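Heads up: the sequence lines are chains A and P, in that order.
Numbering-wise (our numbering), the first sequence opens with residue 11 and increments by one.
Numbering-wise (our numbering), the second sequence opens with residue 132 and increments by one.
Just so it is clear, CB atoms sit at the ideal spot from N, CA and C, and this is done for glycine as well.
If you're wondering where the values come from, they're calculated on a predicted model, not measured in any experiment.
The next block holds one structure in the form of structure tokens; read it before the comments.
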Amino acid sequence: MILLKGGAKDNIIKLFNINFSGLFRFDIQGGDREIMNLVKKEYITKNILKIRTKTNSNKKYQYIGLLFILPWLIGISVLELFPLLYSFYLSFTEYSIINTPKFIGTENYIHMFTSDPEFYNSLKVTFFYVLIAVPLKISFALLVAILLNFNLKGMSLFRTVFYLPSILGGSIAVAILWRFLFAEQGLINGVLSFLNLPTNNWLGNPDTSLLTISLLTVWQFGSSMVLFLAGLKQVPNELYEAARVDGASRIRIFFSITLPLLTPILLFNIIMQMINAFQEFTAAFVITNGGPLYSTYLYGVMLYENAFKFMKMGYASALSWVLFIIILMFTLLLFKSSKQWVFYQDGRND
Amino acid sequence: MRKRRSVFLYVLLILLGIIMIYPFFFMLSATFKTNEEIFSGIGLIPKSFSFDAFINGWQGIGNNTFGTFLLNSFKIVIPTVLFTIISSVLVGYGFARFHFPLKKIFFGIMIGTLMLPQAVVIVPRYLLFRDFGWLDTYLPFYMPALFATFPFFTFMLVQFMRGIPRELDESAIMDGCNSFTILTKILIPLLKPALFSIGIFQFVWTWNDYFNSLIYINSVDKFSISLGLQLFMDSEGTIAWNEMMAMSFVTILPCVLIFFFAQRYFVEGIATSGLKG
Chain A
11 MILLKGGAKD NIIKLFNINF SGLFRFDIQG GDREIMNLVK KEYITKNILK IRTKTNSNKK
71 YQYIGLLFIL PWLIGISVLE LFPLLYSFYL SFTEYSIINT PKFIGTENYI HMFTSDPEFY
131 NSLKVTFFYV LIAVPLKISF ALLVAILLNF NLKGMSLFRT VFYLPSILGG SIAVAILWRF
191 LFAEQGLING VLSFLNLPTN NWLGNPDTSL LTISLLTVWQ FGSSMVLFLA GLKQVPNELY
251 EAARVDGASR IRIFFSITLP LLTPILLFNI IMQMINAFQE FTAAFVITNG GPLYSTYLYG
311 VMLYENAFKF MKMGYASALS WVLFIIILMF TLLLFKSSKQ WVFYQDGRND
Chain P
132 MRKRRSVFLY VLLILLGIIM IYPFFFMLSA TFKTNEEIFS GIGLIPKSFS FDAFINGWQG
192 IGNNTFGTFL LNSFKIVIPT VLFTIISSVL VGYGFARFHF PLKKIFFGIM IGTLMLPQAV
252 VIVPRYLLFR DFGWLDTYLP FYMPALFATF PFFTFMLVQF MRGIPRELDE SAIMDGCNSF
312 TILTKILIPL LKPALFSIGI FQFVWTWNDY FNSLIYINSV DKFSISLGLQ LFMDSEGTIA
372 WNEMMAMSFV TILPCVLIFF FAQRYFVEGI ATSGLKG
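Structure follows, in structure tokens:
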């Protein structure tokens, strides 16, 4: 964040400020419900009448607030910011964990870019993975959200079913299950031969191993779907009605109303999924352990091996900073491009 | 026309639903099958029901049964969840209700860490925890929770608290509340659903966490269920898939139960803060 200028910071805050209030349906019990109704009423009238209570900026500082955020201040300094800077320093050292870090200048980076064949391979594999998994996952999420938004009976059951893999997907049990399903005589090949289609050694074949791992990611489209669904429920009905009165076709309505209003959520999903995908570890580590022939040697696996298997803490830090820069660049690029395609309802397209 | 469309929609959704959920059913059915039967067909109904896979699998490796791993996971998860809730409430309250120096910058940093790739802090964190003497203990799980380093949850609570009008706080002050009792008597009761949501998210994430247990825990008797499962898989020359699936099923069971009993909290929690998944 420190690296970003003011404008970018506002963009990020806006990104996380997507209004999902359409989904607040918490049941509040008994007396609480009455309070909450009062709260809602007051809140709504205040918003409609634009009554502004004194803003805080006129008041003097309430230092007790600092006391409340103290745990976070300590946490962020000791567990996030210090490690961030320390890993930057370590990236210029040789540090095999037993001895003290030895400063070697940019040697780690030079080695990485000139004489580490695994580095380029792993970059390639990771880019492929991100390029396959993220767009597929998000398109699926959007498509299914649109289907579920037709509000037929039993939709919440479907939502549950589609969401379940997202909850369990990161666990090692599911990684093992995946290995089991895509084994040479596993369920997937069983189904394929049942349908008289050619079978494949999905995980043993370097041409399909990465795809199989990506499928596990795509299978967990549920959480992105829930976000899209929340966004779809937010689209004001008047807009649809107005469009229908004007005689717009269904397809036209989708592309001119629904999709533009979903773009903030789309941006959010793309950015968060991309950040996660670049760091993917468990699936590739547990299912294929990077193989066969390094075909699933994702960046996360390489990072792990260098740090905790070869104990090259300095080199691992350099690797992690390169990944950090890559992710940062892609994030900024997406933010920059978002001015062209993301539509904010408040009209401030800055 | 309308009817035909909804029939088409149902067929599509049911097909997709089956694809999504079939792996779990197949996992469950494999636990009752023999190893040979598992790979002989794609059906769900086993020829004969036998709980041998559960009984044999439960024995685990060496002296450590899956009971140990399960208990260890609870020892990791429960304090982590409690600490997360306490710290995020305090910090969220601070950000939502008070005006203090550098607040905007701090809040910006918090939002920024939502997007900070954790890969970049892993090595120094590991070294830090090693120097504190925390390796092979559960403190690397507890401490980040206690110090509110899960910006998702803090952010979610700030969002929630902003939706509760300050007039409530102000009338509470007149009734003699101080800034701490406003939190405990007024806000926390209203935030209960959000806190529940945080709790179950953190439960599932910590329960499923593999990477942190992998790097911080080395003694087998302290292994979480994820590590136990991995060890169980690696320890056998030829994998007994029915036992493997039985133990995998045991591993995911707590999360599945939580998911079905509390799924609206997941859906609403994720929609409030846009959590990852």
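Contact residues of the region 77-97 of chain A toward chain P are Leu77, Phe78, Ile79, Leu80, Pro81, Trp82, Leu83, Ile84, Gly85, Ile86, Val88, Leu89, Glu90, Leu91, Phe92, Pro93, Leu94, Leu95, Tyr96, Ser97 (C-beta to C-beta distance below 9 Å).
By the CB criterion at 9 Å, P/Leu277 and P/Ile217 fall inside the cutoff. Counting the other CB atoms within 10 Å of its CB gives A/Leu167 a total below 16, which places it among the exposed residues. Judged by DSSP in its simplified three-state form, A/Phe113 adopts strand.
As a beta-bridge residue in DSSP terms, A/Thr103 pairs with A/Phe113.
Scanning the region 186-252 of chain A for uninterrupted alpha helix (DSSP H) segments of 4 residues or longer gives 197-204, 219-229, 232-244, listed from N- to C-terminal end.
Taking a beta-carbon distance threshold of 9 Å, A/Ile107 counts as an interface residue toward chain P.
Using beta-carbon distances, A/Tyr307 does not count as an interface residue toward chain P, since no partner is under 9 Å. DSSP places P/Thr285 in the uninterrupted alpha helix (DSSP H) bounded by 282-293. Taking 9 Å as the threshold, the shortest C-beta distance from P/Phe390 to chain A falls below it.
The beta carbon of A/Leu191 sits closer than 6 Å to those of Leu197, Ile198, all from its chain and outside the five residues before and after it, given in chain order. At a cut-off of 9 Å, the C-beta of P/Ala303 has no neighbouring C-beta in chain A. For P/Ser350, no CB of chain A lies under 9 Å from its own CB, so it is not counted at the interface with that chain.
Neighbours of P/Tyr341 in chain A, taken as residues whose beta carbon is under 9 Å from its own, are Gly180, Ser181, Ile182, Ala185, Phe291, Thr292, Phe295, Val296 in chain order. A/Ser97 and A/Pro274 have their C-alpha atoms roughly 33 Å apart. Per the coordinates, the alpha-carbon of A/Asn118 lies some 12 Å from the alpha-carbon of A/Ser330. In this structure, the alpha-carbon of P/Thr162 lies about 6 Å from that of P/Ala184. Less than 9 Å separates the beta-carbon of P/Thr285 from that of P/Val222. Residue pairing of P/Asn195 in beta bridges, as defined by DSSP: P/Ile192. In this structure, A/Phe264 sits near A/Ile156, with a CB-CB distance shorter than 9 Å.
Where P/Ile346 is concerned, the enclosing alpha helix (DSSP H) starts and stops at 342-347. Taking CB atoms only, A/Gly300 has no neighbour in chain P less than 9 Å away. Closest in alpha carbon position to A/Ser234, among A/Phe278, A/Leu221, A/Leu226, A/Thr268, is A/Phe278.
Of all C-beta pairs linking the region 360-367 of chain P to the region 175-187 of chain A, three or more are shorter than 8 Å, placing the two stretches in contact. Close partners of P/Met364 in chain A (Cβ separation under 7 Å): Ile186.
A/Phe340 and A/Asn206 have their C-alpha atoms some 43 Å from each other. With a 10 Å radius around the Cβ and a threshold of 16 neighbouring Cβ atoms, A/Phe353 comes out exposed. If only uninterrupted alpha helix (DSSP H) runs of at least 4 residues are considered, those enclosed by the region 303-340 of chain P are 319-339.
At a cut-off of 9 Å, the C-beta of A/Tyr130 has no neighbouring C-beta in chain P. Check the Cα spacing between A/Asn109 and each of P/Lys164, P/Ser344, P/Leu258, P/Gly191: the tightest is with P/Leu258.
In this structure, the beta-carbon distance from P/Gly191 to P/Phe200 falls below 9 Å. For the C-beta of P/Phe205, not a single chain A residue is nearer than 7 Å; the gap to the nearest is close to 15 Å.
Here the C-alpha atom of P/Met158 lies approximately 26 Å from the C-alpha atom of P/Asn194. Taking a beta-carbon distance threshold of 9 Å, P/Gln249 counts as an interface residue toward chain A. Of the residues assessed, A/Gln230 falls on the buried side of the cut-off, its CB having 16 or more other CB atoms within 10 angstroms. Residues of chain A with a Cβ closer than 8 Å to the Cβ of P/Thr165 do not exist, since the nearest Cβ in that chain sits about 14 Å away.
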